[in-house]
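Residues are numbered in this note's numbering as their position in the sequence shown, beginning at 1, plus a constant of 3.
Structure first, then comments.
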Amino acid sequence: MYKYETHLHTSQGSACGASTGAEMARAHKEKGYTGIFITDHFFNGNSAVDRSLPWKEKIELFCKGYEDAKAEGDKIGLDVFFGLEYGVKAAEFLMYNIDKQFLLDCEDFDKWHPKKAFDAVHEAGGFIIHAHPFRERDYIDHIKLYPRHVDGVEAVNGAHFDHLEFNDRAKVYAMMYELPITAGSDTHSVNCMYGSGVETEEKILTPLDYLRQIKEGRLTLRESTM
Ligand SMILES: [Zn+2]
Ligand SMILES: [Zn+2]
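Set out below in structure tokens:
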């Protein structure tokens, strides 16, 4: 089996992140992961990037956590994929199979109408997973769902180890709309790794391999080990 982390943050891209991309890569290699997806908070979430900078500069800074993790991953034998976490008034959406060029081409992507942003990701060949749709925390004003605009639901969020009912509700939501489900840790620090993610029998070579296996229901979802 191959093990992947699908949802994680770096201190370079996320204001709430406590470890660099390189540190994250090493820590996940040590824990036996085959690969990781870096999903830093975009500018409409808890981004570490100064929003007053010009667009190109912001994108360069945003991608640093991923690039750092990728460089380290190439050295130590860990597959590192790009993604991001897009905020819609604290509802959060993991976007995959897009890249730096996509972001450079989509100026002010963080301020677009959510449906326009979701459509642009799909038109570019990307896909969207609704992260922790039923999380309840102070920073979340209300629960927002876009069942017709996402490709799947994060039904196991490792950071919910103390609130498993949030994950249970996400599973019911996915079932109601026949959306496939996946799992991720939402790790922000190497000192607090939730140990969640997915296991696959087939190696993930590109983010689209991950999407296909989500849709085929072939992933083993790993609950948090905390
Ligand atoms: Zn965060
Ligand atoms: Zn996250």
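We treat Cβ as the ideally placed atom computed from N, Cα and C, and that holds for glycine.
Any contact of the stretch 5–19 with the stretch 177–187, i.e. 3+ C-beta pairs under 8 Å? These segments touch.
Does the beta-carbon of S17, which I'm using as the reference point, lie nearer than 7 Å to any heavy atom of ligand 1? Here the question's residue 17 lines up with position 14 in the sequence shown. Checking every heavy atom of ligand 1 against the Cβ of S17, one is found closer than 7 Å.
To the nearest angstrom, how far is the alpha carbon of H152 from that of P117? Taking the first residue of the sequence shown as 1, we reach residue 152 at position 149. Taking the first residue of the sequence shown as 1, we reach residue 117 at position 114. Looking at the two C-alpha atoms, the distance is approximately 9 Å.
Assuming Y69 contacts G24 (C-beta within less than 8 Å), just tell me the rounded distance between them. Mapped onto the sequence shown, residue 69 falls at position 66. Mapped onto the sequence shown, residue 24 falls at position 21. About 6 Å; that satisfies the 8 Å criterion.
Reducing DSSP to helix, strand and coil, say where M98 ends up. If you number the sequence shown from 1, residue 98 lands on position 95. In this structure, DSSP gives M98 an extended state, which the three-state scheme calls strand.
How many angstroms separate the CA atom of K67 from the CA atom of L106? Counted from its first residue, the sequence shown places residue 67 at position 64. Counted from its first residue, the sequence shown places residue 106 at position 103. Each residue's CA atom was taken as its position, placing K67 and L106 some 14 Å apart.
Note down, in chain order, each residue of its chain lying with its Cβ closer than 8 Å to the Cβ of S14, except the 5 sequence neighbours on either side. Position 11 of the sequence shown, counted from the first residue, corresponds to residue 14. Contacts found: G20, A21, S22, T23, A51 and G68.
C-beta atoms of S192 and R225 nearer than 8 Å: Here residue 192 is taken as the residue at index 189 of the sequence shown, counted from 1. Here residue 225 is taken as the residue at index 222 of the sequence shown, counted from 1. It is not a contact, given that the beta carbons lie outside the stated cut-off.
Assuming F40 and D113 are in contact, meaning their beta carbons sit under 8 Å apart, how far apart are those beta carbons, in whole angstroms? By one-based count along the sequence shown, residue 40 stands at place 37. By one-based count along the sequence shown, residue 113 stands at place 110. 20 Å between Cβ atoms; not a contact.
With which residues is R225 paired in a DSSP beta bridge? Indexing the sequence shown from 1 puts residue 225 at position 222. Its beta-bridge partners are G200.
Cβ shell of L214 (< 6 Å), same chain only, five flanking positions each side left out: As a working note, residue 214 is residue 211 in the sequence shown. Within the same chain, and ignoring the five residues on either side of L214 in sequence, the residues whose Cβ sits closer than 6 Å to its Cβ are F130.
Within 8 Å, strictly: CB atoms of F164 and Y197: Sequence index remark: in the sequence shown, residue 164 carries index 161 (1-based). Sequence index remark: in the sequence shown, residue 197 carries index 194 (1-based). Yes, the Cβ-Cβ distance between F164 and Y197 is below 8 Å.
Just to confirm my understanding: we take N194, look at its own chain, exclude 5 residues before and 5 after, and list those with CB closer than 8 Å. What are they? Here the question's residue 194 lines up with position 191 in the sequence shown. Excluding residues within five positions, the ones whose Cβ falls inside 8 Å are A21 and S22.
Give the secondary structure of G90 by DSSP, where H, G and I count as helix, E and B as strand, and everything else as coil. The sequence position of residue 90 within the sequence shown is 87, counting from 1. Residue state, collapsed to three classes: strand.
Can you give me the C-alpha to C-alpha distance between L64 and V201, rounded to a whole angstrom? In the sequence shown, counting from the first residue as 1, residue 64 sits at position 61. In the sequence shown, counting from the first residue as 1, residue 201 sits at position 198. Cα to Cα, the separation comes out at about 28 Å.
I39 (DSSP reduced to helix, strand or coil): By 1-based counting over the sequence shown, the position of residue 39 is 36. Reduced to three states, the DSSP call for I39 is strand.
Report back the beta-carbon spacing between E75 and A28 to the nearest angstrom; my notes put them in contact at under 8 Å. Here residue 75 corresponds to residue number 72 of the sequence shown, with the count starting at 1. Here residue 28 corresponds to residue number 25 of the sequence shown, with the count starting at 1. Yes, they are in contact, since the Cβ atoms of E75 and A28 sit about 4 Å apart, within 8 Å.
Go to G24, then tell me how far its alpha helix (DSSP H) extends in each direction, as first and last residue. Position 21 of the sequence shown, counted from the first residue, corresponds to residue 24. Per DSSP, G24 belongs to the alpha helix (DSSP H) from G24 to E33.
Roughly how many angstroms lie between the CA atoms of N160 and R172, to the nearest whole one? On the sequence shown, position 157 is the one that residue 160 refers to. On the sequence shown, position 169 is the one that residue 172 refers to. Inter-residue distance for N160 and R172 is about 12 Å (C-alpha atoms, whole angstroms).
Beta strand (DSSP E) containing I131: first to last residue? The residue you call residue 131 lines up with position 128 of the sequence shown. Note, I131: beta strand (DSSP E), F130 to A134.
What are the start and end residues of the alpha helix (DSSP H) that includes I143? Position 140 of the sequence shown, counted from the first residue, corresponds to residue 143. Run containing I143: none; DSSP gives neither H nor E here.
Closest to R221 by C-alpha separation, out of E26, E157 and P183, would be which residue? Working through the sequence shown from its first residue, we reach residue 221 at position 218. R221 has its Cα closest to that of P183, out of E26, E157 and P183.
Residue burial classification, D144 (beta-carbon count within 10 angstroms, cutoff 16): Sequence index remark: in the sequence shown, residue 144 carries index 141 (1-based). Flag for D144 reads exposed.
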